[in-house]
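Contents: one structure, followed by commentary.
Chains as they are written, first to last, in the working numbering: chain E, 6 to 586; chain Y, 53 to 338.
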């Protein structure tokens with residue numbers, strides 16, 4: 006029987022090559038034409054602790070994890086014990102260890118277990134344990150009935166340039182060996198054959214990579230950051246290419262410097278950006294306010310991880326939402342964008358740079374580890390649709406006849422012309438103190454009122470420029486969901502499962518949280534009887550935000566979680582059915 | 053050469069006799085002798101009495117946050133290396149809240165001129181001890197005498213790999229102006245630490261006191277600012293404070309090392325979406 010959706014988990018200890026194996030498997034499944042979503046669950050440690058990598062493939066569009074795992078390939082028996090509850094009723098387990106026999110029978114019923122001594126086979130056949138990963142990939146290719154030539158092509162792409170022909174040959178032999186071993190080991194009924202599809206104009210990319218690429222496309226030529234999990238992949242995505250675009254990446258001494266440096270770079274005329282997470286974002290709060298006061302266009306990508314404090318650096322969370330909306334000292338305009346897919350990571354990054362220059366304010370790209378570090382298939386990004394809008398940035402020739410340049414001119418829309426250092430007749434001061442139209446310090450009470458009004462009104466008309474919330478599901482339904490970011494996949498699949506149980510629902514996906522899309526949310530609330538706000542945090546920060554912005558807003562039911570695991574559909578279906586009872 | 057007054061925007065309102073007047077004058081002289089246009093100079097300031105400078109000086113200015121002059125100035129310089137970027141800080145800005153940034157900008161050898169106006173006191177907040185306040189000094193918040201041992205900016209800079217380390221005195225404006233000018237010509241990071249009396253809150257370190265306690269390194273005929281051991285000796289003098297060009301060496305500047313082309317500033321790049329490499333990058337994800 007052909008299947009339509011499948012999850013394979015690779016598990017072991019950090020250092021076992023779990024990430025490598027998972028990444029290659031994801032690539033094969035993508036090339037096979039399937040929709041792919043990966044999920045890494047790893048410790049904040051380089052070696053020795055439990056780690057796992059789930060690769061899910063589907064004929065349908067997917068954005069995240071399924072509720073169950075069909076095949077587990079474990080590099081040790083501890084991994085099995087840790088993940089037994091997630092394994093499907095008829096699941097298959099391969100384990101490199103003797104401990105399989107000792108598993109309690111009541112927990113293993115229905116599932117098939119294979120002792121697969123990957124390490125010793127790798128040593129015996131290929132002289133080195135490291136080939137265990139390729140043997141494993143060969144075995145999975147057999148079980149999933151994948152195109153063997155595809156695996157060979159991917160091996161060649163990976164190793165030919167860096168390691169040479171011999172290494173390609175040995176790896177291909179190891180994969181074939183694994184393929185044959187699996188054929189010997191398993192019954193035909195255990196195979197999970199995947200229907201082959203075309204792989205037209207698609208990519209497999211992580212949210213962080215999509216943000217990095219989006220930044221390059223948008224003309225970001227200055228990137229300053231301090232290393233922090235899970236945001237470093239944004240930087241990694243830029244590091245090899247930036248010089249080709251005449252841009253620069255600077256590793257700063259801390260996040261205070263990173264944002265101040267990006268602000269200095271933007272003041273001098275670059276499209277500038279930084280990326281960070283948790284504690285780094287807290288350090289950036291000071292300069293965030295500076296960008297607001299000086300009206301400097303700067304983009305901050307914040308890939309959220311579990312807090313508070315150092316928290317759990319390799320686990321996903323949506324706990325820093327209100328920090329960017331209400332954070333830092335004083336009041337100033339800011340824009341907060343929340344992509345939910347890798348495609349939106351790209352689109353909203355491009356948009357972030359345009360909005361920053363159009364409204365001359367800091368723009369936050371708020372995402373989370375789950376979307377940032379995991380891979381999803383997407384249509385290849387459309388570069389022809391990208392436009393660069395530098396707002397009221399003047400060209401040097403536009404200043405030739407200007408006698409009295411006012412950088413902070415009190416214009417009708419609150420947005421003023423901008424000149425850059427080196428432009429004649431554009432000399433001005435970017436001033437962190439309250440200032441007059443020319444940028445000079447001014448403590449006059451009437452000036453303060455004028456300048457506050459100018460800055461705060463800049464975003465009055467911005468809502469038309471923001472990405473509107475996306476409405477998913479039925480036109481009319483009693484059950485409504487509101488969420489943002491990487492919970493998208495779980496919500497959409499929960500809606501499918503609820504439909505099967507005759508509970509129709511609709512979903513408003515917020516793609517900008519600030520300025521708050523009040524009109525769309527108000528309308529959605531008015532048309533739904535039971536509204537569930539789904540978010541990966543403890544207190545329900547989005548629900549609080551909605552209540553603070555919409556009055557009266559009626560009852561909002563919260564589906565929250567501070568689990569280290571990403572949401573799966575079950576986490577949403579159960580509370581909805583519970584509420585209906 | 054330009055006239056000094058072309059850089060003067062308004063008359064400063066610092067306390068009468070403040071060392072900052074000498075610094076202001078020296079900065080204008082240095083800019084004039086480099087024949088700069090006001091638009092080719094950016095003055096980045098921190099928080100303290102010195103931070104009013106942008107209101108008085110005709111040039112592009114950035115009056116940012118307390119202690120953060122260095123990363124801001126570095127961002128500006130890297131985006132447009134053709135600009136002359138001068139950062140001005142006080143002792144609190146440079147050696148307390150911004151100490152980390154100072155040492156890192158210096159070790160990267162970014163082509164900035166860093167003018168640190170050291171009055172050994174927090175003056176704008178009305179007289180608390182600073183990191184350079186003398187041990188035992190009685191200040192607003194140290195009525196029993198400061199229990200902190202002071203630090204020395206130029207000595208820190210020498211230890212951290214500085215490539216241009218000078219100290220001036222705001223009572224000797226021509227000497228100071230020559231040091232700043234030389235610092236601005238230096239290819240790399242130039243520190244000009246300035247002994248600068250606060251006439252209102254620091255009655256101890258006055259003009260007269262400094263005149264009695266400074267010596268010019270250049271007065272020793274065999275002083276060689278390229279000799280690190282001599283520089284250490286000068287900075288370690290127990291009784292007297294060395295002024296002049298203390299140390300200098302050649303090292304590539306950060307911008308030369310990291311920018312693909314210093315003559316092609318990021319600030320004036322044409323941001324095209326049709327770059328052929330973009331399509332090649334997409335291919336990696338297929």
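We treat Cβ as the ideally placed atom computed from N, Cα and C, and that holds for glycine.
Integer-rounded CB distance, given that residue j should sit under 8 angstroms from residue i
| i | j | result |
| --- | --- | --- |
| residue 277 of chain Y | residue 297 of chain Y | 5 angstroms |
| residue 75 of chain E | residue 11 of chain E | 5 angstroms |
| residue 431 of chain E | residue 91 of chain Y | 7 angstroms |
| residue 84 of chain E | residue 57 of chain E | 7 angstroms |
| residue 511 of chain E | residue 478 of chain E | 4 angstroms |
| residue 255 of chain E | residue 130 of chain Y | 7 angstroms |
| residue 326 of chain E | residue 518 of chain E | 7 angstroms |
| residue 280 of chain E | residue 309 of chain E | With 8 angstroms as the limit, residue 280 of chain E and residue 309 of chain E do not qualify as a contact, their Cβ atoms being about 12 angstroms apart. |
| residue 251 of chain Y | residue 101 of chain Y | That belief does not hold up - the Cβ atoms of residue 251 of chain Y and residue 101 of chain Y are roughly 11 angstroms apart, past 8 angstroms. |
Helix, strand or coil at residue i [DSSP, three-state]
| i | result |
| --- | --- |
| residue 542 of chain E | coil |
| residue 94 of chain E | strand |
| residue 416 of chain E | coil |
| residue 175 of chain E | helix |
| residue 44 of chain E | strand |
| residue 380 of chain E | strand |
| residue 261 of chain Y | helix |
| residue 94 of chain Y | strand |
| residue 337 of chain Y | coil |
| residue 183 of chain Y | coil |
| residue 234 of chain E | coil |
| residue 63 of chain E | strand |
| residue 552 of chain E | helix |
| residue 100 of chain E | strand |
| residue 213 of chain Y | coil |
| residue 203 of chain E | coil |
| residue 321 of chain Y | coil |
| residue 396 of chain E | coil |
| residue 82 of chain Y | helix |
| residue 563 of chain E | strand |
| residue 510 of chain E | strand |
| residue 215 of chain E | helix |
Cβ-Cβ distance between residue i and residue j below 8 angstroms
| i | j | result |
| --- | --- | --- |
| residue 368 of chain E | residue 376 of chain E | no |
| residue 590 of chain E | residue 494 of chain E | Here chain E has residues from 6 to 586 only, and residue 590 of chain E is not among them. |
| residue 150 of chain Y | residue 120 of chain Y | yes |
| residue 234 of chain E | residue 319 of chain E | yes |
| residue 261 of chain E | residue 296 of chain E | no |
| residue 79 of chain E | residue 65 of chain E | no |
| residue 322 of chain E | residue 542 of chain E | yes |
| residue 247 of chain Y | residue 262 of chain Y | yes |
| residue 40 of chain E | residue 48 of chain E | no |
| residue 141 of chain Y | residue 98 of chain Y | yes |
| residue 433 of chain E | residue 455 of chain E | no |
| residue 24 of chain Y | residue 96 of chain Y | Since the displayed chain Y opens at 53 and closes at 338, residue 24 of chain Y lies outside it and no answer follows. |
Own chain residues within Cβ distance below 6 angstroms of residue i, not counting five before or after
| i | result |
| --- | --- |
| residue 74 of chain Y | 222 and 225 |
| residue 468 of chain E | 520 |
| residue 115 of chain E | 94 and 95 |
| residue 338 of chain Y | none |
| residue 489 of chain E | 343 and 515 |
| residue 62 of chain E | 11, 34, 39 and 41 |
| residue 274 of chain E | 425 |
| residue 119 of chain E | 99 and 190 |
Proximal residues to residue i (C-beta, below 7 angstroms), its chain only, five neighbours per side dropped
| i | result |
| --- | --- |
| residue 536 of chain E | 485, 487, 530, 561 and 562 |
Chain-order list of residues whose beta-carbon lies under 8 angstroms from that of residue i (same chain, five-residue window excluded)
| i | result |
| --- | --- |
| residue 257 of chain E | 229, 230, 231, 263 and 266 |
| residue 270 of chain E | 227, 229 and 277 |
| residue 207 of chain E | 35, 382, 383, 384 and 385 |
Short CB-CB distance (under 8 angstroms) between residue i and chain B
| i | result |
| --- | --- |
| residue 252 of chain E | No chain B is present in this structure, whose protein chains are E and Y. |
Taking a Cβ distance cut-off of 9 angstroms, strictly less, list which residues of the segment 269-302 of chain E are near chain Y, in chain order.
Those would be 269, 270, 271, 272, 273, 274, 275, 276, 277, 291, 292, 294, 295 and 299, in chain order.
Which residues, taken in chain order from the segment 318-334 of chain E, show a beta carbon closer than 8 angstroms to some beta carbon of chain Y?
Those would be none; no residue qualifies.
Chain-ordered residues of the segment 433-448 of chain E with a beta carbon less than 9 angstroms from chain Y:
Here the close residues are 433, 434, 435, 436, 437, 438, 440, 444, 445 and 446.
When Cβ atoms are compared, which residues of the segment 91-119 of chain Y fall closer than 7 angstroms to chain E?
Flagged, chain order: 91, 92, 94, 106, 107, 110, 111, 112, 113, 114, 115, 116 and 117.
At a CB distance below 7 angstroms, what residues from the segment 324-336 of chain Y approach chain E? Give them in sequence order.
So the close ones are 325, 327, 329, 330, 333 and 334.
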